[in-house]
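All residue numbers for the first sequence refer to the working numbering, where the first residue is 540 and numbers rise by one.
A virtual CB, placed ideally from N, CA and C, is assigned to each residue, including glycine.
Being a predicted model, the structure only gives us computed values, none of them experimental.
Only one structure is covered here, and it is reproduced in the block below.
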Amino acid sequence: MNEKYPFSEIEPKWQKHWTDNGLFKTDLSATAQKYYCLMMFPYPSGKLHVGHGRNYIIGDAVVRYKKMRGHNVLSPMGWDAFGLPAENAAIKTGTPPRESTLKNIVVMKEQLAAWGCCYDWDKEVTSCEPEYYKWTQWLFIQLFNRGLAYKKKSNVNWCPDCATVLANEQVVDGLCDRCDSTVIQKALEQWFFKITDYAQRLLDDLDKLEGWPERVKTMQRNWIGRSEGAEIDFKLVPRADGVKDSTDKVACFTTRVDTIYGCTYMTVAPEYPQLKELIAGLPQEAEVLKFITDSAKLTNLDRESDALEKKGVFTGRYVINPFNGTQVPLWVGDYVLMYGTGAVMAVPAHDTRDWAFAKKYNLPIKLSIQNLEGSLVLSAMDNAYTEDGVCCDSAEFIGMDNREAIAAMVKYAEAKKFGKGTINFRLRDWLISRQRYWGAPIPIIYCDRCGTVPVNDDELPVLLPTDVEFKPTGESPLKRSDAFMNCSCPKCGDPARRESDTMDTFVDSSWYFLRYLSAKDSTQAIDTAAANNWLPVDQYIGGIEHAILHLLYARFFTKVIHDLGLISFDEPFAKLFTQGMICKKSDIDGKLYKMSKSKGNVVSPNELIENYGADTVRLYTLFIGPPEKEAEWNDAAVEGSFRFLGRIWRRVWQHRDLLRTAGIPACDITAMEKPERDLYRKLNESVKKITHDLDGAFHFHTAISTIMELMNAIDEVKVDAASSEQVKAVYRDAIEKVIVLISPFAPHIAEELWKELGHTGGILSAQWPEVVEAALHRDEIQMALQVNGKVRGQLVVPSTATKEEIEALAIADEAVLKWSEGKAIKKIIVVPGRLVNVAVG
RNA sequence: GGGCAUGUGGUGAAAUUGGUAUACACGCAAGAUUUAGGAUCUUGUGCCUCACGGCGUGCGGGUUCGAGUCCCGCCUUGCCCACCA
């Protein structure tokens, strides 16, 4: 052993040791104390930076901690390997996606190892390999057979630059979330998963997820967007020219049916399906058609912007409010979305948008809700009244509380058969087809005789062909491979053609956590027994950016697979931890951004590991701040973590002989002298605090600062060969436990020093320290002495002192006498173990 | 516009139920050791004040013996949702 901390020698050595001895391989048959720790698998984009590292370092620390607490921990890793970036790279460089992806995987695997992050690589999954996507395809067929995968022509979000369709979720503010081009609408045949069938369950079961952050659940609730309301049919007034409509009504969705007596017109969306038919041949037709065309030109961004002035035109048609028989005009307005039914009843008096619209086009306004004071007068209003109140001018509902009126009116509408209570969800079906090469082919065959037929199980996987050009044309590149496209019908054997679209990569990542348990099983997608034993995942760790999409889809898949009878649970992740992103000031503009090449603020771990070692990078990454919050990377502060590890190393080196020979301390602290008794107490307080930090909110940063404090306390105690056996024993105990406590964070140095202290089993087999309760005892307690809430002194009292004794000591104290001079004592508050406050006045 | 966060030294940040604000670290300053050091060790470091003392957790109120923490009203920054009827 040497004085200098030789991180570059010991780190590769211990990494090899962990691998060679299979210390992170998990026996799936041993399910006692099971702990499935899952980190979101990465997309193999090239190289990991220290921002990515936070995820794996947190996970690895949790895995090591749980192992030391005696859990049988499963920690697998894999690759979310299909996706657009690899294909885009292929278009640019000509390197096939598979080749670049597999190369990246090798690089990233080495990086994970260099960080000291260990996984059970026997269970590795790679979503772009046929052994994996065979089963993604198989699952697609299960969904298809249950009617949960369907094809329909629909207006889809189309990114002209990526030349592909995007899911709603991939459109951000009207822009493509990958390339920021403006997304346009295009009608195409697309595959969907019917996630809307599961909307209610996905919403309800959020309540079961006690181990999830509240904000993630809120985001999912908002995304699912349940709104309860009523659908009311307004009969169309027949056309004056005698032309018959194919329908006799316009149904509208409302959450405020209580305001219906104030409805003065109705508005439909420009995309309302029957709109063109309703106006055909009317004098207003040309104007309405122009309005529809103009509205379609608005980008999503424009239409959703607040600033946009609401526009509309009268259609020339009228509808009848079924509650009061009033004829109201039917308008088309660009502020109405194809949500619900695409038609809304307009109540300008009680809706701000309708108010603005009615004022602009001089439409009538009618009050139907009165405030509780009865002071609302239409002529005096300069805004819609959207608060609660009582119904007014509403026939038999007059005087009713408006919230109660909702239920009453729905009941009334149902009885009269012109409406019903309904529930609307914002959640849309999941568009999963992509006109792209680098994805799992959708296992469907089109036969002229049999129609749309799924590929037979024994024909799976439908392999991606290798003889294709990747250039995007708006059609799937697979269409240009005859060998791929031409096949025979699984049912009748006639010549047939394959589906040429591939699946969204979110499909691949919706079930990978199930596949880890039978990664190499070529006979089935999911090993039911293993899955039931090991799932739900005990702890899922990943970025907040996946709060909605990935986590919602994975929940959906789990429920579907549950309904297929393949697993017994229907929520995949019992606990979720979302770590914050690591940001750094950009070299370009000095602002804080998440790490990305374009901002010039990427910190590569390789150089840091070379200069300081993986343990330092790990320790700093965990010490940087609360892990759930965003953090700013500071190159200079890394030094501090390095110094701390060097200090531990030096302390062991300095006292190596003493540490190897010292005994075990007797737990009886009454036999100790003050210095070692204080250290022994501090040691046990630290164990308690650190264990609490790790079991609770994963507050690694405070756990580490506690170890630092403990180390400071250790350095207070002077020890040498001449010291008493008791001092030596406590000193050794403290150093040894520092090594154990820091091992989840800095495992390499911990292993090395653990061995240095004479232990033969690795540190992972060391027990996590238990708190010696007796060591926490104090004879005397120091309390703050306050006068009127201000600290004026300190009071040392025996720990056995009663409240009365403490009060007596307090009022006799010099500081109290000084500060309460001439004033009467009103009250004395004693907070045991903390302070005494004397209130005077 | 709605919802959820957030605001504490020069910096990252800490503070079980309301109970001694600024632990721990970075940075900075001074010193020791050293041929030298970006190594190591010691000391200091919220603001005002010579001092006594006063003031201090975004701003303004409130409750309390006592408020970073609770309540009310604002403001900042960030995230999510958003013409959802």
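Check: Span separating the alpha-carbon of Thr-1209 from that of Glu-1264; Outcome: 15 Å
Check: Cutoff 6 Å; reference Ile-1229; Cβ partners in own chain excluding five residues on either side; Outcome: Ala-1242, Thr-1245 and Leu-1280
Check: Straight-line Cα distance separating Asp-797 from Arg-942; Outcome: 7 Å
Check: Local conformation of Asp-784 per DSSP, three classes; Outcome: coil
Check: Where Gln-724 falls, given that 16 or more other Cβ within 10 Å makes a residue buried; Outcome: exposed
Check: Ranges of the alpha helix (DSSP H) found wholly within the region 1192-1267, counting only runs of at least 4; Outcome: 1195-1200, 1213-1234 and 1239-1255
Check: Contact check, Lys-692 vs Gln-729, beta carbons under 9 Å; Outcome: yes
Check: Through-space distance from Cys-718 to Thr-634, alpha-carbon basis; Outcome: 21 Å
Check: Range covered by the beta strand (DSSP E) that runs through Gln-1306; Outcome: First-last for Gln-1306: undefined, no H or E at that position.
Check: Trp-1073 - partner residues in DSSP beta bridges; Outcome: Answer by DSSP bridge pairing: none, since Trp-1073 is not bridged.
Check: Proximal residues to Met-877 (C-beta, below 6 Å), its chain only, five neighbours per side dropped; Outcome: Ala-808 and Glu-810
Check: Selection from Pro-993, Asp-1006, Trp-1050 and Leu-1056 that minimises the alpha carbon distance to Ser-1027; Outcome: Pro-993
Check: At least 3 beta-carbon pairs within less than 8 Å: the region 1082-1099 vs the region 642-650; Outcome: no
Check: Which listed residue (Pro-669, Ala-1175 and Arg-1190) has its alpha carbon closest to that of Val-1001; Outcome: Pro-669
Check: Straight-line Cα distance separating Asp-996 from Thr-1299; Outcome: 52 Å
Check: Cβ pair Thr-1041, Ala-979 closer than 9 Å; Outcome: yes
Check: Residue span of the alpha helix (DSSP H) that contains Tyr-878, given as start and end; Outcome: No alpha helix (DSSP H) contains Tyr-878, which DSSP labels as neither H nor E.
Check: Residues near Tyr-595 by beta carbon distance below 7 Å, same chain, minus five either side; Outcome: Met-578, Leu-651, Trp-654 and Cys-656
Check: Member of Lys-586, Gly-598 and Gln-739 whose CA lies at the smallest distance from the CA of Asn-761; Outcome: Gln-739
Check: Buried or exposed by the 16-neighbour rule on C-beta atoms within 10 Å, applied to His-1316; Outcome: exposed
Check: Buried or exposed (CB count within 10 angstroms, at least 16 for buried), Phe-1284; Outcome: buried
Check: Own chain, CB closer than 6 Å to Lys-850, minus 5 neighbours either side, in chain order; Outcome: Asp-873
Check: DSSP three-state assignment for Leu-840, whether helix, strand or coil; Outcome: Note that Leu-840 has pLDDT 47, beneath the 50 cutoff, so the model's placement of it is unreliable and no number is given.
Check: Asp-845, DSSP secondary structure in three states; Outcome: Residue confidence is low: Asp-845 scores 46 on pLDDT, short of 50, so the model does not pin down where it sits. No coordinate-derived value is stated.
Check: First through last residue of the alpha helix (DSSP H) which encompasses Ala-951; Outcome: Note on residue identity: the sequence assigns Tyr, not Ala, to residue 951. 941-954 is the extent of the alpha helix (DSSP H) around Tyr-951.
Check: Simplified DSSP state of Glu-767, which is helix, strand or coil; Outcome: strand
Check: Neighbourhood of Val-1369 by C-beta, 7 Å cutoff - its chain only, sequence neighbours within 5 removed; Outcome: Lys-1342, Ile-1345, Glu-1346 and Val-1375
Check: Touch test, the region 1352-1361 against the region 1317-1329, Cβ-Cβ under 8 Å, three pairs minimum; Outcome: yes
Check: Three-state secondary structure assigned by DSSP to Tyr-582; Outcome: coil
Check: Beta carbon of Phe-731 nearer than 9 Å to that of Val-1046; Outcome: no
Check: Local conformation of Asn-594 per DSSP, three classes; Outcome: helix
Check: Val-1330 classed as buried or exposed, judged by whether at least 16 other C-beta atoms fall within 10 angstroms; Outcome: exposed
Check: CB of Leu-917 within 9 Å of CB of Ala-888, strictly; Outcome: yes
Check: Three CB pairs or more closer than 8 Å across the region 743-751 and the region 1108-1121; Outcome: yes
Check: Those residues which DSSP pairs with Glu-548 across a bridge; Outcome: According to DSSP, which records beta bridges pairwise, Glu-548 is partnered with nothing at all.
Check: Close Cβ partners of Arg-1036 (< 6 Å) along its chain, the five nearest in sequence each way excluded; Outcome: Tyr-985 and Met-1024
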